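**Q**
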Amino acid sequence: MERDFLPISRADMDRRGWDQCDFVYVIGDAYVDHPTFGHAIISRVLEDAGYKVGIISQPDWKDPESILALGEPRLAFLVMGGNMDSMVNHYSVSKHRRKTDAFTPGGVIGKRPDHATVVYCNLIRRTFPRKPVIVGGIEASLRRLAHYDYWSDSLKRSLLLDAQADLLLYGMGEKSILEVAEALDSGLNISDITYVRGSVYKAPDPENVYDYLTLPSYEALCADRKTYAQSFYTQFCNTDPFIAKRLVEPYEKERCYVVQNPPQEPLTTPEMDRVYALPYMRTYHPSYEKAGGVPAIEEVKFSLTSNRGCFGGCSFCALTFHQGRIVQTRSHEAIIEEAKQIIQDPDFKGYIHDVGGPTANFRHPSCQKQLTKGVCPNRQCLFPTPCKNLQVDHKDYLELLRKLRALPGVKKVFIRSGIRFDYVLCDKDDTFLRELVQYHVSGQLKVAPEHVADPVLKMMGKPSNTVYQKFIARYQRLNEKMGKKQFVVPYLMSSHPGSTLKEAVTLAEYLRDLGYMPEQVQDFYPTPSTISTVMYYTGRDPRTMEPVYVPTNPHEKAMQRALIQYRDPKNYALVREALEKAGRQDLIGFGKECLIRPYPPKKDAQKPGAKKPPQKAEKSARKGRPADRRSRGGQAPSREGRPRKKR
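Start counting the sequence shown at 729; every next residue gets the next number (this note's numbering).
1) Which residues in the same chain have their Cβ closer than 7 Å to the Cβ of C1042, if we skip the five residues on either side of it in sequence?
2) To which residues of the same chain is M1009 closer than 8 Å at the C-beta, ignoring the five residues directly before and after it?
3) Would you say the segment 773-781 touches the segment 814-830, given that touching needs at least three Cβ pairs under 8 Å?
4) Straight-line CA distance for E800 to L1229?
5) According to DSSP, is Q1096 helix, strand or coil?
6) Considering only the alpha carbon of each residue, which of L870, T942 and E1061 lies closest to M1000?
7) Buried or exposed: N1089, going by 16 or more other Cβ atoms within 10 Å of its Cβ?
8) Rounded to whole angstroms, what is the Cα-Cα separation between Q748 and F1149?
9) In this structure, how does DSSP classify H1122 when only helix, strand and coil are distinguished?
10) Can you name, in chain order, every residue of its own chain whose Cβ lies under 8 Å from the Cβ of T955, other than the five neighbours on each side?
11) If we require 3 or more residues per run, which beta strand (DSSP E) segments fall completely within the segment 978-1043?
12) With three or more C-beta pairs closer than 8 Å as the rule, is the segment 1224-1238 touching the segment 1201-1208?
13) I'd like to know whether the C-beta atoms of V1138 and I1071 end up nearer to each other than 8 Å.
14) What's the gap between the Cα of F1049 and the Cα of T997?
15) Of all the alpha helix (DSSP H) runs that stay within the bounds of the segment 1299-1326, which reach a length of 4 or more residues?
16) When we look at the beta-carbon of N1299 and count the other beta-carbons within 10 Å, is it buried (16 or more) or exposed?
17) Under 8 Å, do Y938 and E977 count as touching if we go by C-beta distance?
18) In whole angstroms, what separates the C-alpha of S771 from that of V754?
19) What does the alpha-carbon distance come out to for the pair S959 and P1105?
20) Just mark R1289 as buried or exposed, buried being the case when its beta carbon has 16 or more other beta carbons within 10 Å.
21) Give me the residue from M1221, T1113 and K1156 with the minimum Cα distance to T1194.
22) Which one or two residues does DSSP pair with E1178 in a beta bridge?
23) Tell me whether K884 sits in a helix, a strand or coil according to DSSP, three-state version.
24) Evaluate M741 with the Cβ neighbour count: other Cβ atoms within 10 Å of its Cβ, from every protein chain shown; 16 or more gives buried, anything less gives exposed.
25) Please list the terminal residues of the continuous alpha helix (DSSP H) segment that includes H1050.
26) According to DSSP, is I1292 helix, strand or coil?
27) Would you kindly report the start and end of the unbroken alpha helix (DSSP H) that includes K1139?
28) Y961 lies in the beta strand (DSSP E); which residues open and close that run?
29) Along the alpha helix (DSSP H) that carries M815, what are the first and last residues, could you check?
30) Is T1194 helix, strand or coil when you go by DSSP?
31) In terms of residues, what are the limits of the alpha helix (DSSP H) holding G810?
32) Would you report the Cα separation of Y759 and L1006, rounded to the nearest angstrom?
33) Report all residues from its chain with a CB closer than 8 Å to the CB of L1135; omit the five preceding and five following residues, and keep chain order.
34) Just list the residues that DSSP pairs L803 with in beta bridges.
35) Using DSSP with H/G/I as helix, E/B as strand and the rest coil, what is R738?
36) Counting only the same chain and skipping the five closest in sequence on each side, list residues whose C-beta sits under 6 Å from that of L1161.
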């Protein structure tokens, strides 16, 4: 049969001569058959193994009939909430409803429910109470055990229980789903599939579980936040496929145990090449054309995935729990072959938008030990300083980029995944940074210092500010040497645990000295299964159990956010209040070092009841204006200071 999308209707099944699907895959996103979408990878992996897979995309969760579109599957229903956690997809950090959904046709919001995985599973259970239901994807992966839910401000049970699912697959899942499919196809009952790596299941007792650690019960976690922090850190130290033990979480009220098996083993390069070489259509289903297509494809259509996994270890990132810390890579040959497919696309204009993954310049594990003994459970590769065993080498990535640049039809190859700047500085050979500046920057290089105050950076698991300043200095020297005017766009975060108003003011002063104000600010977002989220909920660093200051009050968070955009007239009152509370009235005045003037901006000052500023003071204020926004720090002033895209 010729290359085509998987069936989404009975008519599609009839054209293929199918009476029944082996698996019906219910997804919260639009159906996009591209390897950056989890549902595309899992469905194609199953198809490649000989299974018949149909897709039900964004069913109407209020209508039980919507789940009948493809009939009852022979083996099981698969459920995935989407490429993003459905709550992050729906709500901003301030818990306001978002206006668009990039993973829905036409960008329309509201086509999936909150906690989509749970709702879809319950929908299936109403009609097919005995059919196996298997959940996966990022939402299930990060909620596989008891977890803090920011939107309800409560500790939730394992998603496996709330969804009434039979099995939960966490991580990327290619090996896990095939092992489960083979077991079901052989006639094994879903309740007996308790041995698969990367899976979580429910057991009446732990008698048949071996080599495991018992976590505190769900009831104990709800009773004491310190206990939850300790439990989370046990989970964090058991995310490596080589050394992780099974984890058993008791639920006394339900009289059951949730058992987490160790993660699936990393894909080898040939295995990863095979996954990405499957016959993807590389775009959204044509039925979405009338709605204007699916916006999310634009971010990835002309990008190449070269790796997965990350040993960066940022506290606010959930990659440790999902993809793991061991970097896995595709071969040059496989990536070049995909690039040639991209070049043939009628819409390709000669620009490859990205070559990377979670961190673009990680193309091998941080040390050889990881491939046999796993990652260090209680140490990081780059934090607080680079490990002495860290292998720093950009040669393989450089060779790949050179090959891509040489392809006929390619004008430019950009790197947008993000560069780990402290890793770059560890490389004694500056060839990579030199070629990055010369060939791979589109005028602005985006990097993620996240903050400039060391107490906050320590909580973030990021290097000290001096490391970032050294990188900027080296980047500027190379640009000057090459005669280029390329700037740096720093991603900065407000209100992260550890940030008091003092540190927030320090960040504002840094921006003042740069002559830069980002148009958008990334406020810390407590998403499931990150160290930072545990700090937010418990007020403790789970790595040390030491108390951490956490800005949770919405008004204080607003003040910290406003300080980053202190030039915006709308933020004047918040900035002034923040400076006064921080005891930094010295930054209110007319001097060059001041953030704001002693009176509101002119527009606000002319409102009823407001005093009009004296003309003399206005003249003095002009003299104290900050320098041109491009003048210092190689910093771009643009609209690019927006929240990063989700991976």
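Glycine included, C-beta positions come from ideal geometry on N, C-alpha and C. These numbers were taken from a predicted model, which means no experiment stands behind them.
**A** The answer reads as follows:
1) The beta carbon of C1042 sits closer than 7 Å to those of M1188, G1189 and K1190, all from its chain and outside the five residues before and after it, given in chain order.
2) Counting only Cβ-Cβ distances below 8 Å, and skipping sequence neighbours, we find R731, D732, F733, D761 and H762.
3) Taking a contact to require three or more Cβ pairs closer than 8 Å, the segment 773-781 and the segment 814-830 do not qualify as touching.
4) When rounded, the distance between both Cα atoms is 57 Å.
5) Per DSSP, reduced to three states, the secondary structure at Q1096 is coil, with no helix or strand assignment.
6) The shortest C-alpha separation from M1000 is found at E1061.
7) Classification for N1089: buried.
8) Linking Q748 to F1149 through their CA atoms gives a straight-line distance of about 51 Å.
9) Coil at H1122, not helix or strand.
10) Its chain contains P944, A948 and L949 as the residues whose beta carbon lies nearer than 8 Å to that of T955, once the 5 sequence neighbours on both sides are disregarded; these appear in chain order.
11) List check, beta strand (DSSP E) in window: 984-988 and 1031-1033.
12) No, they do not touch.
13) Their beta carbons are under 8 Å apart, which means V1138 touches I1071 by this criterion.
14) So the alpha carbons of these two residues sit roughly 21 Å apart.
15) Uninterrupted alpha helix (DSSP H) stretches at least 4 residues long and entirely within the segment 1299-1326 occur at 1300-1309, given in chain order.
16) In summary, N1299 is buried, with 16 or more beta-carbon neighbours lying within 10 Å of its beta-carbon over all protein chains present.
17) The criterion of a C-beta distance shorter than 8 Å is not satisfied by Y938 and E977.
18) Going by C-alpha positions, S771 is about 11 Å away from V754.
19) When rounded, the separation of the alpha-carbon atoms in S959 and P1105 is 14 Å.
20) R1289 is buried by the Cβ-count criterion.
21) Among M1221, T1113 and K1156, the Cα nearest to that of T1194 belongs to T1113.
22) Note: E1178 sits in a beta bridge opposite L1220.
23) K884 sits in a strand when the DSSP states are folded into three classes.
24) It is buried - the Cβ of M741 has at least 16 other Cβ atoms within 10 Å.
25) Annotation for H1050: the continuous alpha helix (DSSP H) segment containing it runs L1047 to H1050.
26) Three-state result, I1292: helix.
27) First-last for K1139: undefined, no H or E at that position.
28) Y961 -> not in any beta strand (DSSP E); alpha helix (DSSP H) instead, spanning R953 to F964.
29) Taken as a continuous stretch (DSSP letters only), the alpha helix (DSSP H) holding M815 covers S814 to H818.
30) If DSSP states are grouped into helix, strand and coil, T1194 belongs with the helices.
31) Bounds of any alpha helix (DSSP H) do not take in G810, whose DSSP letter is neither H nor E.
32) Each residue's alpha carbon lies about 16 Å from the other.
33) Non-local C-beta neighbours of L1135 in its own chain, meaning closer than 8 Å and more than five positions away in sequence, comprise I1064, A1067, K1068 and I1071, ordered along the chain.
34) When beta bridges are read from the DSSP output, L803 appears opposite no residue.
35) Helix, per DSSP.
36) Correct list, in chain order: V1152.
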